[in-house]
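**Q** Taking numbering that gives the first Met the number 0, the leading residue of the first sequence gets 0, the next gets one more, and so forth.
Quick reminder that beta carbons are idealized off the backbone N, C-alpha and C, glycines included.
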Amino acid sequence: MPELPEVETVVRLVRPKLVGRRIEGATVYWPRTVGDQGPDAFARSIEGLRAVRIWRRAKYIVVDLERRGRAAGHLLIHLRMTGRLQVDPASSDGGKYVRVELALDRGKTLRFIDVRKFGRFEYREDLTGVFERIGPEPLDGDLDAAQFSRELRARQRQLKPLLLDQSFLAGLGNIYVDEALHRAGLHPLRRSDRVPGPRARRLFDEIQATLREAIRREGSSFDTFYRTPEGQPGSYQHQFRVYGRQGRACRACGRTVIKIVVGQRGTHLCTRCQPAPRVL
DNA sequence: ATCCTATCCTGGCTGC
DNA sequence: TGCAGCCAGGATAGGA
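(1) Compute the distance between the beta-carbons of Asp260 and Leu268, then report whether it is under 8 Å.
(2) Could you name the residues that DSSP lists as bridge partners for Tyr59?
(3) Rounded to whole angstroms, what's the CA-CA distance from Pro197 to Phe147? Just pull it up for me.
(4) Just how far apart, CA to CA, sit Pro187 and Tyr96?
(5) With which residues is Ala102 paired in a DSSP beta bridge?
(6) With a threshold of 7 Å on Cβ separation, who are the neighbours of Ser220 within its own chain once the five nearest residues in sequence on each side are excluded?
(7) If you pair each beta-carbon of the segment 153-170 with each one of the segment 115-128, do three or more pairs fall below 8 Å?
(8) Do Leu185 and Gln245 have their C-beta atoms within less than 8 Å of each other?
(9) Buried or exposed: which applies to Arg254, given that a residue is buried once 16 or more other Cβ atoms fall within 10 Å of its Cβ?
(10) Mind reading off the beta-carbon distance from Glu5 to Ala25? Whole number of angstroms is fine, and I expect it under 8 Å.
(11) If you run the structure through DSSP and keep just helix, strand and coil, what is His181?
(12) Using C-beta distances below 8 Å, list every residue in its chain close to Arg14, excluding the 5 sequence neighbours before and after it, in chain order.
(13) Would you report the Cα separation of Ala71 and Arg49, rounded to the nearest angstrom?
(14) Using the C-alpha atoms, what's the distance from Leu109 back to Asp87?
(15) Touching or not, the segment 132-140 and the segment 199-211, by the rule of three or more beta carbon pairs under 8 Å?
(16) Mind checking who Asp87 pairs with in its DSSP beta bridge?
(17) Go ahead and pull the three-state DSSP assignment for Tyr175.
(18) Going by DSSP, what residue range makes up the alpha helix (DSSP H) through Ile206?
(19) Relative to the C-alpha of Leu74, which residue among Ser91, Asp143, Arg247, Leu84 is closest?
(20) Could you tell me whether the Cβ atoms of Gly172 and Glu7 are closer together than 8 Å?
(21) Find the nearest neighbour of Leu64 within the set Cys252, Ile22, Tyr28, Gly170, judged by alpha-carbon distance.
(22) Measure the beta-carbon distance from Gly134 to Ala89 and round it to whole angstroms, keeping in mind my assumption that it falls under 8 Å.
(23) Out of Arg43, Arg115, Asp92, which has the shortest C-alpha to C-alpha gap to Arg77?
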């Protein structure tokens with residue numbers, strides 16, 4: 000599922016194809032995708048605008064728009080489970096899951112494709128409040144290992160749900176939380192305030208290492224969903240230590256990887272590398 | 001403060 | 001082969 004590394008990959012690969020393009024028109028095939036504004040207002044809002052920048056915050060993609068050189072709002076995009084964003088020749092076939100399509104100049108089209116329809120592709124005049132409840136970026140120097148350790152101590156929550164909480168730390172999802180916890184030797188049910196400082200700092204380092212490596216490999220593709228905007232799968236799934244490896248040997252110690260449910264989320268771990276806390 | 005449940009969706013899987 | 005039923009999963013809202 001698209002998490003920080005996948006979203007970052009999409010932004011990087013779409014950027015050269017989208018920046019500088021003018022939006023000639025919009026077609027909405029699934030109204031909910033464009034949010035409360037509705038398809039007609041959405042189309043009127045963005046027609047004639049030019050995409051001048053594309054960037055990522057948490058798992059959101061933002062496209063800055065201008066009209067005649069003046070700021071004119073943003074596209075606010077979230078891929079959720081199965082969303083894809085790609086710039087194609089206008090003549091190509093986007094398939095049956097295209098939810099929003101923007102006609103661009105120079106014979107191109109920007110497509111938002113989303114099998115499960117959870118994704119969003121909205122227009123916002125401004126971004127006030129949008130990232131109000133989003134926590135620090137793990138790779139942007141927003142915080143260091145020592146600060147992260149203090150933040151862990153300030154909460155009394157299980158590590159897995161805490162790391163999934165976007166208001167605590169931005170960008171992690173089910174895959175990279177499981178991977179980072181295994182690399183740090185921490186059980187997903189451990190309480191955040193009971194992790195010793197050095198181990199907490201190591202967790203931060205492992206989160207960063209996991210994300211950086213995954214970006215380098217253009218994300219993870221283990222099912223039919225996530226693909227880069229070029230249509231290629233990422234390759235980080237080959238590096239998974241625990242995610243989806245239940246019943247197979249832990250790469251570090253050989254014990255069988257198990258899958259449990261934590262906060263209604265499938266959770267993969269090795270009970271030797273990640274010993275259970277005394278108090279559950 | 002923290003946890004739990006429901007909601008939004010559909011392809012793919014299991015079991016009969 | 002067909003079909004019903006279940007499941008995953010990011011974010012959010014509402015209730016405990």
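**A** With the given structure in hand:
(1) Looking up residue 260 in the first sequence gives position 261. Looking up residue 268 in the first sequence gives position 269. According to the sequence as given, residue 260 is Val; it is not Asp. No; because the gap between Cβ atoms is not below 8 Å, this pair is not in contact.
(2) Here residue 59 corresponds to residue number 60 of the first sequence, with the count starting at 1. Beta-bridge pairing links Tyr59 to Arg56, His77.
(3) As a first step, residue 197 is located in the first sequence; it is residue number 198 there, counting from the start. As a first step, residue 147 is located in the first sequence; it is residue number 148 there, counting from the start. Approximately 11 Å, taken between the alpha carbons.
(4) Locating residue 187 in the first sequence gives position 188, counting from the first residue. Locating residue 96 in the first sequence gives position 97, counting from the first residue. For Pro187 and Tyr96, the distance between alpha carbons rounds to 35 Å.
(5) For the purposes of this step, residue 102 is taken as the residue at position 103 of the first sequence. Looking at the DSSP assignment, Ala102 forms a beta bridge with Gly24, Thr108.
(6) For the purposes of this step, residue 220 is identified with residue 221 of the first sequence, where counting begins at 1. Closer than 7 Å at the Cβ level, and outside the excluded window around Ser220, lie Arg226, Pro232, Gly233, Gln236.
(7) no
(8) Here residue 185 corresponds to residue number 186 of the first sequence, with the count starting at 1. Here residue 245 corresponds to residue number 246 of the first sequence, with the count starting at 1. No, Cβ-Cβ distance for Leu185 and Gln245 is not below 8 Å.
(9) Counted from its first residue, the first sequence places residue 254 at position 255. With fewer than 16 Cβ atoms within 10 Å of its Cβ, Arg254 is classed as exposed.
(10) Reading the first sequence from its first residue, position 6 is the one you call residue 5. Reading the first sequence from its first residue, position 26 is the one you call residue 25. At roughly 25 Å, the Cβ-Cβ gap does not stay under 8 Å, so Glu5 and Ala25 are not in contact.
(11) Looking up residue 181 in the first sequence gives position 182. It is helical.
(12) Here residue 14 is taken as the residue at index 15 of the first sequence, counted from 1. Excluding residues within five positions, the ones whose Cβ falls inside 8 Å are Ile53.
(13) Position 72 of the first sequence, counting from 1, holds the residue named residue 71. Position 50 of the first sequence, counting from 1, holds the residue named residue 49. If you take the alpha carbons of Ala71 and Arg49, they lie about 9 Å apart.
(14) The residue given as residue 87 occupies position 88 in the first sequence. The residue given as residue 109 occupies position 110 in the first sequence. Asp87 and Leu109: Cα-Cα distance of roughly 7 Å.
(15) yes
(16) Your numbering for residue 87 matches position 88 in the first sequence. Thr108.
(17) In the first sequence, counting from the first residue as 1, residue 175 sits at position 176. If DSSP states are grouped into helix, strand and coil, Tyr175 belongs with the helices.
(18) Taking the first sequence and counting its residues from 1, one reaches residue 206 at position 207. Segment 196-215, the alpha helix (DSSP H) holding Ile206.
(19) The count along the first sequence starts at 1 and reaches residue 74 at position 75. Looking at the Cα atoms, Leu84 is the closest of the given residues.
(20) What you label residue 172 is simply residue 173 of the first sequence in a count that begins at 1. What you label residue 7 is simply residue 8 of the first sequence in a count that begins at 1. No, Cβ-Cβ distance for Gly172 and Glu7 is not below 8 Å.
(21) Reading the first sequence from its first residue, position 65 is the one you call residue 64. Leu64 has its Cα closest to that of Ile22, out of Cys252, Ile22, Tyr28, Gly170.
(22) Indexing the first sequence from 1 puts residue 134 at position 135. Indexing the first sequence from 1 puts residue 89 at position 90. Not confirmed; about 39 Å, so no contact.
(23) Working through the first sequence from its first residue, we reach residue 77 at position 78. The sequence given here places His at residue 77; Arg does not occur at that position. Here the closest residue by C-alpha is Arg115.
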